[in-house]
Amino acid sequence: MRELGIQSYTHKDRTDKMRPFFILRQFSSFEMFGKFKVGTKRINDGCAAFSKGYAASPHDFNNAADFKEILKKESVNIVAVPGRRDDPTNTENLGTCSKDPGAEQARSLFYIDFPNGESKRADNATFWRDRFPDRTCADSPRIALGFSQAGLVDIPAIARLFTLCTY
Numbered sequence: 001m002r003e004l005g006i007q008s009y010t011h012k013d014r015t016d017k018m019r020p021f022f023i024l025r026q027f028s029s030f031e032m033f034g035k036f037k038v039g040t041k042r043i044n045d046g047c048a049a050f051s052k053g054y055a056a057s058p059h060d061f062n063n064a065a066d067f068k069e070i071l072k073k074e075s076v077n078i079v080a081v082p083g084r085r086d087d088p089t090n091t092e093n094l095g096t097c098s099k100d101p102g103a104e105q106a107r108s109l110f111y112i113d114f115p116n117g118e119s120k121r122a123d124n125a126t127f128w129r130d131r132f133p134d135r136t137c138a139d140s141p142r143i144a145l146g147f148s149q150a151g152l153v154d155i156p157a158i159a160r161l162f163t164l165c166t167y
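For what it's worth, the UniProt record's numbering labels the leading residue of the sequence shown as 1, then goes sequentially.
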């Protein structure tokens with residue numbers, strides 16, 4: 001990776017094996033299938049140029065703090081992760097910018113999608129930034145996921161972000 005001018009890092013994954021990670025500094029976008037439906041295929045596609053590559057998520061780390069550490073070292077505030085909200089009630093954003101009273105309960109509505117078609121719930125409290133997800137102060141529903149230096153955050157599907165890849 002160094003020959004390509006890309007800094008890579010290795011961290012333990014959930015199976016206790018060392019795995020490489022790098023920031024793909026190209027903007028990734030989510031597929032939008034209406035106001036409340038988002039697809040994550042394009043987020044993984046950018047990383048697929050590398051053998052067995054896909055977009056990393058907190059599920060790929062033995063410790064979510066390692067994900068945050070990479071972002072800090074790379075001076076990147078937030079990256080896209082292949083995550084989405086699956087809310088059968090199509091919950092709208094709150095009409096005010098005050099604290100979302102249902103933030104922690106809403107975590108169970110978010111899923112991380114993997115290239116093999118598997119999805120895992122993103123409800124682990126150690127993944128999330130405090131007080132998120134947060135349905136306040138956004139022009140469109142926060143139905144996609146990003147990972148910031150402070151943890152997972154819900155974002156509008158129109159967001160264009162870098163991606164942390166693994167392979």
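The beta-carbon is built from N, C-alpha and C at its ideal position, and this holds for glycine as well. None of these values were measured; they are calculated from a predicted model.
Go ahead and pull the three-state DSSP assignment for residue i.
i: LYS99; result: coil
i: ASP45; result: helix
i: PHE50; result: coil
Name the two residues that bound the continuous beta strand (DSSP E) containing residue i.
i: ASP60; result: Counting along the chain, ASP60 falls outside any beta strand (DSSP E), and DSSP gives it neither H nor E.
i: PRO20; result: 18-29
i: ILE155; result: 151-155
i: THR166; result: 160-166
i: ALA144; result: 144-148
i: THR10; result: 8-12
Taking the alpha carbon of residue i as the reference point, which residue from the options has its own alpha carbon closest?
i: LEU24; options: PHE114, PHE50 and ASP139; result: PHE50
i: PRO115; options: THR126, PHE61 and SER57; result: SER57
i: ILE155; options: CYS165, TYR167 and CYS137; result: CYS137
i: ASP139; options: PHE127, PHE147, LEU94 and ALA106; result: LEU94
Contact between the segment 3-17 and the segment 76-86 (3+ Cβ pairs under 8 Å):
no
Could you say if the segment 109-128 and the segment 16-29 meet the contact criterion of at least three C-beta pairs nearer than 8 Å?
Proximity of the segment 109-128 to the segment 16-29 falls short of the contact definition, fewer than three beta-carbon pairs being nearer than 8 Å.
Residue ranges of each beta strand (DSSP E) within the segment 71-125, 3 or longer
78-85, 110-113 and 119-121
Are the segment 139-154 and the segment 35-55 touching, with three or more C-beta to C-beta distances below 8 Å?
Yes, since at least three Cβ pairs between the segment 139-154 and the segment 35-55 fall closer than 8 Å, the two stretches touch.
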